[in-house]
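First up is the structure itself, then whatever we jot down about it.
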Amino acid sequence: MEDFLRYWGLDWLAMALSLFSVYLLGNKNRAGFVVFAMANTTWIFLGLTWMTSLGIAVGNTVFLFMNIRGFVNWARKAPAK
42 MEDFLRYWGL DWLAMALSLF SVYLLGNKNR AGFVVFAMAN TTWIFLGLTW
92 MTSLGIAVGN TVFLFMNIRG FVNWARKAPA K
């Protein structure tokens, strides 16, 4: 039972934010990128500190930049054909 709160619930928060962001993006809601960026930031913090997992930190850094790119590109118009 102690494993469930080993990281003071931040891992559960990051997972919930990740899943919620996928739900939002699936419903074509741009806010999903912002929520995903919050999850990525939490995962990066956990990976670099308490979990000491460089893989989690690096992977979520890449995801963070992809989410920023998605947020910025969301409003751009499609090129005319």
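Residue numbering for the sequence shown is 42 to 122, as defined by this note's numbering. The beta carbon of each residue, even a glycine, is placed where N, CA and C say it ideally should be. All figures in this text were calculated on a predicted structure; none of them were measured in a lab.
Which same chain residues, not among the five before or five after R47, have their C-beta less than 7 Å away from its C-beta? On the sequence shown, position 6 is the one that residue 47 refers to. Excluding sequence neighbours, R47 sits near nothing in its chain.
What alpha helix (DSSP H) runs, 4 residues minimum, are completely inside the stretch 48-114? 51-67 and 72-89
Whose C-beta lies closer than 6 Å to the C-beta of F139 among residues of the same chain, with five residues either side of it excluded? Residue 139 cannot be examined here, being either before or after the span of the chain that is shown, 42 to 122.
Does the stretch 47-60 come close enough to the stretch 77-97 to have 3 or more Cβ pairs within less than 8 Å? yes
M92 and D52 closer than 9 Å at C-beta: Start at 1 with the first residue of the sequence shown, and residue 92 comes out as number 51. Start at 1 with the first residue of the sequence shown, and residue 52 comes out as number 11. In this structure, D52 lies closer than 9 Å to M92 by Cβ.
Burial state of F106, where buried means 16 or more other Cβ atoms lie within 10 Å: Within the sequence shown, numbered from 1, the residue matching residue 106 stands at position 65. Exposed: under 16 other Cβ atoms inside 10 Å.
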